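If you read the sequence shown in our numbering, its first letter stands for residue 20, the second for the next number, and so on.
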Amino acid sequence: MVAVVAATRWWRMLLVLSAAGMGASGAPQPPNILLLLMDDMGWGDLGVYGEPSRETPNLDRMAAEGTLFPNFYSANPLCSPSRAALLTGRLPIRNGFYTTNAHARNAYTPQEIVGGIPDSEQLLPELLKEAGYVTKIVGKWHLGHRPQFHPLKHGFDEWFGSPNCHFGPYDNKARPNIPVYRDWEMVGRYYEEFPINLKTGEANLTQIYLQEALDFIKRQARRRPFFLYWAVDATHAPVYASKPFLGTSRRGRYGDAVREMDDSIGKMLQLLQDLRIADSTFVFFTSDNGAALISAPEQGGSNGPFLCGKQTTFEGGMREPALAWWPGHIAAGQVSHQLGSITDLFTTSLALAGLTPPSDRAIDGLNLLPALLQGRLMDRPVFYYRGDTLMAATLGQHKAHFWTWTNSWENFRQGMDFCPGQNVSGVTTHTLEDHTKLPLIFHLGRDPGERFPLSFASTEYQEALSRIAQVVQQHQEALVPGQPQLNVCNWAVMVSGWCVGGCPVPGCSHPPGAPDEPWPAQGGGGEAGAVPGLHPGPGPWCLSVQDSGCWSQATWDQCHTAPGLLQVPGRLPS
Ligand SMILES: [Ca+2]
């Protein structure tokens, strides 16, 4: 399905109003689009959102010069599904970035999984290219690492970054370190050519990612419109910062990382102004999920007044800082109470490019331009999923929880706490509690911390339930779930015997902290037949084979002579 170029009335009006919308040939040009996606940064981490240390002057200025969205949400409390939602405009349950093999299980793309973004999904950069955009991703992709999932096969012209999180370091013989790519070429690995010092927290990666962005912007400034997706990960544990920022925050190492982000974004916005393309560049800042309180306080951020953090479907897990900036178009110093979603960045970007979203599939994202340019408020629900389970929904100021769960008692007792210091009786439960017949409902305006459920007998409860139930019913009746890509712990979709992370693989010794979910049934998604034998392009580009149950190392020859593999340069693991 090819997106149809459709210049809407407001867009024509914008072009008339804006000389900056004219290209060198005099033809109208849509604006550049710069999406700044933080990793595990919380709602409460910015000065403008109330962080007491006030260490984000550039982001605070961006807010003062643009629009702040206090009610903006990710589509999942974890990295991969949230990013898939941003780039497809669709909830993870639709685009395949979810699991079916355990109730309400969160999942992402560790280097051992073979799932990824399906070819059938249409990604934002693919569509923007139809309108003449040059597209680049800098940083973390996280939509699968097998060759068919490479970002350059999904609409990006350029990539500098990594398919996965910067976890590690790993033992090269048993498990390779995560690779770093420039376009098709592996240029090194985290902890090797791209060092991260876990002891000091020093890494130069944000500076490298900043330079990539600045170079791209300079290169593209006078050419076609560009789409730059800056998906950096210094605020994801293990957090890191470069030497000039280490030790400079009042908030510890996490704060150092935030300060470096803030400084980098300040440099990017300044460059746009120096190049006189600020008024022809739409910039949006947000984060992929809530702060990881399990890593706090030294390695995790703040979710402000909200309950719990990453991994949960409480507000702290999914409500995000969000800022829009487009001088000359978006009025300065505005606050929009529009309920926003990371999926809206897909639809809004298409609208900026004069494109309409694909019509052959359900799109969850809204076009936020009426909210940004005309101050309009659009009624829309926010859905909170874990895996294939709809945990909660918000409509207006009311949020209904159909299920509550943080994590299992077993994990909790082992020290894995997604809600440190925030036990709310009957709400932050360690058993999966079914409230589908009588949801817990909170008024997020009066009670942003989800501490005081409305009385079931109250008129407010009955009215809110009636409205939300109707929207949820419509959503569920029309829902066509995608093929699940992230069935972590399913032998059919995992590379080799995945001991890390606690899947109960017979014959593997797994670490403390193994989850207590039952071993899932076989099948149910992914690509059957992927194991056993040489895996066609696993992990960081063909460096492992299914062997005797745990990770083992393919030889370089095996790797490169297997048919259909992506040939990548790079040195052999020692
Ligand atoms: Ca994240």
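Note that the Cβ used here is the ideal one computed from N, Cα and C, for glycine as well.
Every value quoted in this text rests on a predicted model; they were computed, and no experiment measured them.
Query                                                                                                                                                                : Result
Helix, strand or coil for ALA419 per DSSP?                                                                                                                           : strand
Look at the alpha carbon of VAL153 and the alpha carbon of ASP234, and state the distance between them as a whole number of angstroms.                               : 14 Å
Just the C-alpha distance for PRO263 and ASP407, rounded to the nearest angstrom, thanks.                                                                            : 44 Å
Could you check how far apart the C-beta atoms of GLY69 and TRP344 are, in whole angstroms? I think they sit under 8 Å.                                              : Not quite, the Cβ-Cβ distance comes to about 20 Å (not below 8 Å), so this is no contact.
Looking only at its own chain, which residues have a Cβ that is under 7 Å from the Cβ of PHE213, when we skip the five neighbours before and after it?               : VAL199, GLY207, LEU224
Around ligand 1, what residues have a beta-carbon under 5 Å from a heavy atom of it, in chain order?                                                                 : ASP58, ASP59, CYS98, ASP307, ASN308
Kindly provide the ranges of any alpha helix (DSSP H) runs that are 4 or more residues long and lie completely inside the segment 171-251, ordered along the chain.  : 224-239
Assuming contact is defined by CB atoms lying nearer than 8 Å, are ARG405 and ASN125 in contact in what I supplied?                                                  : yes
Does the Cβ-Cβ distance between SER283 and ILE52 come in under 8 Å?                                                                                                  : no
Can at least three beta-carbon pairs, one atom from the segment 121-139 and one from the segment 408-424, be found at a separation below 8 Å?                        : yes
I need the DSSP call for TRP62, collapsed to helix, strand or coil.                                                                                                  : helix
From THR128 to ASP307, what does the alpha carbon distance come to, in whole angstroms?                                                                              : 14 Å
Can you give me the Cβ contacts of GLY558 inside the same chain, cut-off strictly under 7 Å, excluding the 5 residues immediately before and after it?               : Any reading at GLY558 needs caution, since the residue's pLDDT is 31, under 50, leaving its predicted position unreliable; the model's value is listed next. GLN130, GLU131, HIS164, PRO195, VAL514.
Which runs of the beta strand (DSSP E), 3 residues or longer, sit entirely within the segment 274-344?                                                               : 300-306, 342-344
To the nearest angstrom, report how far apart PRO458 and ALA232 are at their CA atoms.                                                                               : 45 Å
Do you know how far the Cα of LEU388 is from the Cα of SER360?                                                                                                       : 13 Å
Go ahead and label LYS329 buried or exposed: buried means 16 or more other beta carbons lie within 10 angstroms of its beta carbon, across all protein chains shown. : buried
In this structure, how does DSSP classify ASP138 when only helix, strand and coil are distinguished?                                                                 : coil
Kindly identify the DSSP beta-bridge partner or partners of PHE402.                                                                                                  : ALA412
Check whether the segment 477-495 and the segment 443-462 are in contact - that is, three or more C-beta pairs closer than 8 Å.                                      : yes
Between the Cα of TRP203 and the Cα atoms of HIS169, LEU229, GLN357, PRO188, which residue gives the shortest distance?                                              : HIS169
Is DSSP giving GLY544 helix, strand or coil here?                                                                                                                    : Confidence at GLY544 is low in this model, with a pLDDT of 25, below 50, so the placement of that residue should be treated as unreliable; the coordinate-derived value is given next. In this structure, GLY544 counts as coil in the three-state DSSP scheme.
Closest to GLU279 by C-alpha separation, out of ILE487, PRO346, ALA260, ASN90, would be which residue?                                                               : ALA260
Please report the residue range of the alpha helix (DSSP H) in which ASN11 lies.                                                                                     : The question about residue 11 has no answer here: the residues shown for the chain are numbered 20 through 593.
Using 8 Å as the Cβ pair cut-off and three pairs as the minimum, do the segment 101-108 and the segment 292-303 touch?                                               : no
Can you say whether LYS418 is buried or exposed, counting buried as having 16 or more other CB atoms within 10 angstroms of its CB?                                  : buried
Would you check if there are 3 or more beta carbon pairs closer than 8 Å linking the segment 437-445 to the segment 310-325?                                         : yes
Among the residues of its own chain, which have a CB less than 6 Å from the CB of GLY347, if the five just before and after it don't count?                          : ASP298
Spatial neighbours of ASP176 within its chain, please: C-beta separation below 6 Å, excluding the five flanking residues on both sides.                              : VAL153, THR154
I believe PRO503 touches TYR117 by the beta-carbon criterion, under 8 Å. Please report the beta-carbon distance rounded to the nearest angstrom.                     : 6 Å
Using the rule of at least 16 other Cβ atoms within 10 Å of the residue's Cβ for burial, across every protein chain shown, is ARG272 buried or exposed?              : buried
Compute the beta-carbon to beta-carbon distance between GLU74 and GLY274, rounded to the nearest angstrom, for a pair I have assumed lies under 8 Å.                 : 6 Å
Whole angstroms is fine: what's the gap from PRO50's alpha carbon to LYS286's?                                                                                       : 19 Å
Could you have a look at PRO111 and say whether DSSP puts it in helix, strand or coil?                                                                               : helix
Report yes if the CB atom of GLN416 is closer than 8 Å to the CB atom of GLY464, and no otherwise.                                                                   : yes
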